[in-house]
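A quick write-up on the structure given underneath.
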Amino acid sequence: MNNKSYCDGKTRRDVLRLGVAGVLGHSFSLPNLLAYDQSSKSQKSLIYVFLHGGLSTIDTFDMKPDAPAEYRGEFKQGDTAVPGIRICDQLPSISKQMGKLSLIRSFRHNNSDHGPADHYMLTGYFPQAGFNGGLTPNNHRPSIGSIISKLAPANQGVPPYVCVPKMHSSCGPAYLGPTASPFVVESDPNSPSFQVPDLSPPIEIRADRLDSRKHILERLDRFRATGEMKANQGAKSVSTFQQKAFDLMTSPETRSAFQLQKEKDSIRDEYGRNTLGQSCLLARRLVESGVRCVTIDHSNWDTHDNNFTTLKQDLLPIFDRSIASLFKDLSERGMLENTLVVVTGEFGRTPKINKNAGRDHWGPVFTVALGGGGIKGGVVVGKSDAKAEKPASDPYGPEDLFATICHAMGMNPEHEFITPDGRPIMAVNQGRKIDPLF
Amino acid sequence: MLSALCLLMVLLTSQQGDVVYPIPEAISLTTTGSYATLIVESKSAAGLITDLTDEVSARIENPEIATLFQGRVYGKKIGTTRLLIDVKGKQLAVPVSYNPIANPLATTFYNDIEPILARHQCNSSGCHGKAEGQNGFRLSVFGSDPDFDFESIFLDGRGRRVMPESPANSLFVRKMSGKISHGGGARIPDNNPDYQTVIDWITEGALKKNDAISDVVGIEVQPPLRVLKGGAKQRLTVFAILKDGTRKEVTAHSRFFSNHEALAAVDIHGIVSTNEIPGEAVILVTYRNKTAVFRAILPAVHQYTAGKRYADENWIDRLIQTKLDTLRIPASPLSKDEEFARRVFLDIVGTLPDSSELKAFLADTNSDKRSKLVEELLNRPSYSDYSALVWSDLLRVDRQALGAKQAYAYYRWLKNSFSENKPLDKLAFEILSAQGYLDEHPEGSFYKVVKSPGELSSSFAQIFLGVRIACAECHHHPFDKWTQADYLGMQSFFTGVRLKNIGKKEILVGDNTSPGSNPRYKEKVFAHALGQPLPEVQPKGDARQLFAQWVVSPENQWFARNAANRVWAHLFGHGLVEPIDDFRDTNPASHPELLVKLANHLIQNKYDVKALIKLITASETYQRSSTPVPGNESDEWNYSRFLLKSMPAEVLFDAISQTTGVPGDFVGYPVGTRAIQLWDSRYQDYFLKVHGRPLRVSSCSCERQKEPGIAQVLHELNSPELHRKLSHEQGKIARLIAGKSSQKEIIDELFLSYFSRYPNKSELDLAAELLAKAKDATSKREALEDLAWGMMNSLEFLFNH
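Taken in order, these protein sequences are the chains called A and B.
Residue 1 is where the first sequence starts when you use the numbering used here, and the numbers rise one by one after that.
Residue 1 is where the second sequence starts when you use the numbering used here, and the numbers rise one by one after that.
In structure tokens, the structure reads:
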């Protein structure tokens, strides 16, 4: 835990308000900050944009204009910045950024149920018997953010793994335990009153008083000594969370990263004044401060009815701006090389349009978009067949995606985690990295 | 259990003079595609059996006759040979014969091909098993409908899928083996014995079934139970019992799942590997919609003295202790009075004892004071508040679905039911059979929250029977016996129920019901309850009445067991069956006899829940301390110590209100309303939300989140609202300071409030240090606030223990 000294009598908030330069504590000194900055530049981070419900990739990234009418849908293809790559004309901004991201058009897993497919795409493991998608967290396999928390921990002070704006049930740590749990924002970054709750002590609690309180808590908590804490998983978790909480509370980096208000209005407008746009902007700020994984859970892409109207009017305009701005902004700030962005739903949607002008769940083939973090842009990997029903070449699945993420982030996909009961389980379930991306 | 105990004694003794032997002793393969798994075991003089198969090297003497694949012997050519085994330098031989001619019609689609499709996941829900099939080839999901699947393979696709004159050129064979492009890849390559079985089946005429043998009556797993050491392996073999009584090995085509991977894991070949945690694990085995289980008993390997003996009338403690003795897990001692009081207050009335109640209890010298306290708590109004909260979650008192007025009436009805201790069977019957104007019959509100007959029947099955049937809406339940016919039969009871508007009032009516219809066969399924015979006709009138009668009748084993299990789970933090609403043959109770006896107790006492609570809370099992003793730290399932339970959001809220002396202030509710009395699950409150209060959008008890999270912890540490309560000018600390109490009395009062006990020496020292540093009235108050803050954030406060 960081022990930072503050002048007596000042509230912690005052210290934080003063900002970095004027404070006495040595860990805030300029050389330290610079060192911190450099280390954060060489380390890789992941922004995982999860389009909850399932993006219709046949209508966006992998269109089939020559398929029969009941398949091809209402949208037209348009050119992108990369000659030869054509995507939906409802995505003009992303089209301009096409050189920065790549598309895996032969992605597939053979599951078309939300719960298990979500879990598969967020953890890289297909769930087994006893899986209950209704539990949060579902505690089956660790999410990619939890894996990153273990294998590529963040700079002290900032949480390694953050969920924005809420936590998907498959974003938990499972057997990696509470130290690999996400920090959940639980607040809409687009809301004018956006603020991460309870991140700092009440204003009346001076720095010395907080120290005293910590000391009291350590001496009072009898269950650490009598064994209850060790013998009860829930108590062990609370205790770990308390440690993490104190780290967060005493970190100016964390506080500053969450202050979206510090961002220029023009930038905020560019990302789009909506939950997805502001979540993407927040993700960039968090990564800038040293967070290693941000998972954005965005709903609702489950377009069983009126797929085309919903996409055209509600989802795609927001999506286009947010994702394009994220790539552009990361690139302009020199962060794209070290920030891998993955954009996907849990599956795609049925190639054949249903009777409600919608599309249903489709795991057998869909497109995953990704870029940054050392991955080539403007590449199309694999292709789907004429009606986007299944891969026509180079099929890849969640295991391969996770191996690719690990490779890009410099983590060993074959790292064996030892579960609390002593079972060795590999970080990635035997995937192979997707070579054309590197 | 006794034999398990005897075996265990051997575990600890030396292993001289072991006998080593193969299973089976002779292998006779009499049909194509049949196989035999080899196991080599040793048995010590004292009876301990160890699986040595991993240390074995084996080969077939004449490899033209038979072959070994993944530890199994398969026939190749008619004849006899031997399986030669070397185990630790010792030689064994097993005679092998292969003669499929004797049973020429034995390979059938039913018995041999359907299981291969399941094993290689061809019929999984993501592949050909989904409703629309995959690329024009469709199978029933999990192979629940072999007739359909046979037609799909043999008759559909213009007959090109199967070519009897040239089996290897059949489309079906070329696809499955990946010889031509197949979306699923090479599922069954030609070096897999299953490939040959498919070829043989086609060669023999692609028989659908053989009426003499084709029904699988059941499956058997060998061994059914074994006492195992930590770090051990145990191979399982699975046999199907065919209609004619034949036993046929099906291990390679069965699927295996462990209920406690922490204790024992199992792989796809049926090899169980154990860990060093004592306890019991169950391995679920499924084959062709039949299920069986293997129980692994994992005793602790350390010195152990058998626990206390209990008389027969203390059957809860006796049954719990018997299992602890088998597993050699020592029990923690009885709780102190302070611990017990805190526990029963939280469990029965959902809040902490206040200091005066606690002092009175501690001062009481009567030997029966614990049971008297329980009796007294059960008679408090807060007992019905808390019970109504628990059942409002399950029965979905949801303002959003009901409107405020109706939701409140429904809640009142539930609360009154608990305050008059309405027998649980009566409560269930009244809800199930409700009819009339909703404002006069709030018990009918569930029918306004849930409207579709299918969801009604599966919700009621989950709530009142603890059985999950929703899977069977679309396909045979993968781990249970329920079929679509069972689902449709249940659904059909609710097809006549309607909500109608008469003037401004809503009326619930039960019209004639209609039978369900199987979407695949279009055949009618008449209303019938789970496990009951299929009737010939649909009952006349509102069939719900029949269902309601069946639910609470003695013919139905689930109702009482589910009710008993729910009460038990409330008191202990988890059920004897867990998840508490997932009763299955393949999810057995940890203590089956105990569950039956608890259920019988309910039945004999006319479903008097209070009587059951009195019985359980009087047991030593319930009254054990939460402090572990050496040897039971890793036990979570055998009641060797009291497990810490997270407090429901509302209970924790009230505990904080009480200890700080600042009650909740809920807009629209009378002053002094406690959080457990909030009937509206949608009431906006960050504290309740972040601590996992459910919105009541499902009838699953899992909707209430019990896992802690960092947001909760940050809230307790930092929230301005809790700070306001701690430092409130009319709060507990302010009042204590203003009163005439001594410093010692103030400290005692804080400890009694937060921890339900007096402070110990080091805690008194801590308090004295803090107060000694405080120079003025403000800093003295702050010191006390800091002390209280520390207590509020301690595990001892945050958990029920």
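Beta carbons: idealized from backbone N, C-alpha and C, even for Gly.
| query | result |
| --- | --- |
| Closer than 7 Å at the beta carbon, the chain B residues around residue 305 (chain A) | Those do not exist, as residue 305 (chain A) stays about 18 Å from chain B at its closest Cβ, beyond 7 Å. |
| Partners in chain B for residue 226 (chain A), counting only beta-carbon separations shorter than 7 Å | 627 |
| C-beta neighbour in chain B for residue 417 (chain A), strict 8 Å | no |
| Any C-beta of chain A under 8 Å from that of residue 142 (chain B) | no |
| Any chain B beta carbon closer than 8 Å to residue 241 (chain A) | yes |
| Span separating the alpha-carbon of residue 20 (chain B) from that of residue 235 (chain B) | 16 Å |
| Members of the segment 190 to 202 of chain A that neighbour chain B once the beta carbon cut-off is set at 8 Å | 197, 198, 199, 200, 201 and 202 |
| Between the CA atoms of residue 162 (chain A) and residue 240 (chain A) - distance to the nearest angstrom | 17 Å |
| Cβ distance (whole Å) where residue 708 (chain B) is taken to contact residue 237 (chain A) below 8 Å | 5 Å |
| Under 7 Å by beta carbon: chain B residues contacting residue 232 (chain A) | 643 and 644 |
| Minimum Cβ-Cβ distance from residue 782 (chain B) to chain A less than 8 Å | yes |
| For residue 716 (chain B) and residue 810 (chain B), the rounded distance between their alpha carbons | Outside the displayed span of chain B (1 to 801) sits residue 810 (chain B), for which this structure offers no information. |
| For residue 87 (chain A), the residue or residues it bridges with in DSSP | A:78 |
| Listed by chain order, chain A residues near residue 791 (chain B) by CB distance under 8 Å | 220 |
| Local Cβ density within 10 Å of residue 289 (chain B), reported as buried at 16 or more and exposed below that | buried |
| Host alpha helix (DSSP H) of residue 370 (chain B) (start-end) | 369 to 378 |
| Exposure label - residue 268 (chain B); buried when at least 16 CB within 10 Å | exposed |
| Nearest to residue 45 (chain A) (by Cα), restricted to the options A:110, A:291 and A:198 | A:291 |
| Test: residue 191 (chain B) CB closer than 8 Å to a CB of chain A | no |
| Within 8 Å, strictly: CB atoms of residue 433 (chain A) and residue 404 (chain A) | yes |
| Closest Cα partner of residue 846 (chain B) within the set B:712, B:383 and B:497 | The first residue shown for chain B is 1 and the last is 801, placing residue 846 (chain B) beyond what the model contains. |
| Residue-level contact to chain A via CB, residue 752 (chain B), 8 Å cutoff | no |
| Beta carbon proximity, residue 132 (chain A) to chain B, threshold 8 Å | yes |
| Beta-carbon proximity check, residue 427 (chain A) vs residue 151 (chain A), cutoff 8 Å | yes |
| Cβ pair residue 77 (chain A), residue 316 (chain A) closer than 8 Å | no |
| Cutoff 6 Å; reference residue 37 (chain A); Cβ partners in own chain excluding five residues on either side | For residue 37 (chain A), the pLDDT reaches just 41, beneath the cut-off of 50, and the residue's location in the model is therefore unreliable, although a value from the coordinates is still provided. Here the set comprises nothing. |
| Length at least 4, wholly inside the segment 229 to 301 of chain A: the alpha helix (DSSP H) runs in chain order | 233 to 249, 252 to 257, 265 to 271 and 275 to 288 |
| For residue 745 (chain B), the nearest candidate out of B:359, B:426 and B:487 (CA to CA) | B:359 |
| Separation of residue 61 (chain A) from residue 348 (chain A), as counted between CA atoms | 11 Å |
| Distance between residue 372 (chain B) and residue 27 (chain A) (C-alpha atoms, nearest Å) | Low confidence applies to residue 27 (chain A): its pLDDT is 34, below 50, so where it sits in the model is not reliable enough to give any reading. |
| Residue span of the beta strand (DSSP E) that contains residue 606 (chain B), given as start and end | No beta strand (DSSP E) holds residue 606 (chain B); DSSP gives it neither H nor E. |
| Residues that residue 186 (chain B) contacts on chain A, provided the C-beta gap is smaller than 8 Å | Within 8 Å Cβ-Cβ: nothing; residue 186 (chain B) doesn't reach chain A, min ~13 Å. |
| Environment of residue 623 (chain B) [buried if 16+ CB atoms lie within 10 Å] | buried |
| Closer than 8 Å to chain A by CB, residue 708 (chain B) | yes |
| For residue 146 (chain B), the three-state DSSP class (helix, strand or coil) | helix |
| Residue 756 (chain B) versus residue 190 (chain A): straight-line alpha-carbon distance, rounded | 44 Å |
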